[in-house]
Amino acid sequence: MFSDELKAFRRLGFRHLLLQVLNFASVMASGLMLWKGLGLFLNTESPIVVVLSGSMEPAFYRGDLLFLTNPAGERYHAGDITVYKFPGADIPIVHRVMETRDVFISFENSTESRIIKKRLAKLKFPPGEHQLLLTKGDNNHVDDIELYQGLDWLERRHIIGKVRGFLPYIGYVTIAMNDFPQLKYAVLGGLGLLALIQRE
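Using this note's numbering, the final residue of the sequence shown is 737, and nothing's skipped along the way.
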């Protein structure tokens, strides 16, 4: 089936193989630079995420591809759909903001401000104004406090971004590759093989 391609590949030699490997590495590096540049421009570690569960149905279904932004000065409001992730967690969570709270930590050292600082010590905020969020999945019966790893509110530093748009079901490719690792290796191996035996 691939006998003609293999004969042509052997005839072209080591220099051609090296050129194809460099072309493949260049394509991969360009994709990574584009991803990181888009994340930097949109102020988010992940400008595109895939919905992995049904907790946001009927707004978003499993496999929907979401586009995110996270402008530094923008405030979140009840009804906004956010994506958040805690340090050490592998999977980001897509849920709607149910309630927001503003907390101001003063720069003073008065007795009152020291008491407030002690209460807010587990939040580890520097002095200034901070916004706290409470989220919930549209298809869930309770809010997300159990997911907050001991915190009462979601902090701004946990937010990956606000959902700005989506494409339905496009992310099923990612879900299939995660559910069936052999498929991921087959696709990547096939792409690598095509890059190596391509004649141009």
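All C-beta atoms in this analysis are idealised placements derived from N, C-alpha and C, irrespective of residue type, glycine included.
Option nearest Lys-622 by Cα separation, candidates Val-631, Asp-639 and Ala-615: Taking the sequence shown and counting its residues from 1, one reaches residue 622 at position 85. Comparing Cα positions, the closest option is Val-631.
By Cβ distance, which residues of its chain are closer than 7 Å to Trp-690, with the 5 residues on each side in sequence left out? If you number the sequence shown from 1, residue 690 lands on position 153. If we look at Trp-690 and ignore the five residues flanking it on each side, its Cβ neighbours are Arg-638, Leu-669, Leu-670 and Leu-671.
Margin query: With three or more C-beta pairs closer than 8 Å as the rule, is the region 698-712 touching the region 593-604?
Written below: Flag = yes, the region 593-604 and the region 698-712 touch.
### Message
For Met-565, count the other beta carbons within 10 Å of its own beta carbon; 16 or more makes it buried, fewer makes it exposed. Which is it?
### Response
By 1-based counting over the sequence shown, the position of residue 565 is 28. Met-565 is exposed by the Cβ-count criterion.
Exercise for the section: Mind checking who Asp-639 pairs with in its DSSP beta bridge? Expected result: Working through the sequence shown from its first residue, we reach residue 639 at position 102. Per DSSP, Gln-668.
| message | Here's the rule I'm using: 16 or more other beta-carbon atoms within 10 Å means buried, otherwise exposed. How should Gln-686 be labelled? | response | One-based indexing of the sequence shown puts residue 686 at position 149. Result: exposed.
Among Ala-562, Met-593, Phe-551 and His-553, which residue has its Cα nearest to the Cα of His-678? Position 141 of the sequence shown, counted from the first residue, corresponds to residue 678. Checked all of Ala-562, Met-593, Phe-551 and His-553; the closest Cα to His-678 is Met-593.
Measuring CB atoms only, is the region 720-729 touching the region 550-557, in the sense that at least three cross pairs come out at less than 8 Å?
Contact between the region 720-729 and the region 550-557 is absent, because fewer than three Cβ pairs lie under 8 Å.
Could you spell out where the alpha helix (DSSP H) holding Val-710 opens and where it closes?
Residue 710 sits at position 173 when you count from the first residue of the sequence shown. According to the DSSP assignment, Val-710 belongs to the alpha helix (DSSP H) that extends over 709-716.
On the DSSP bridge assignment, give the partners of Ile-618 in chain order. Locating residue 618 in the sequence shown gives position 81, counting from the first residue. DSSP output for Ile-618 lists Arg-633 as bridge partner(s).
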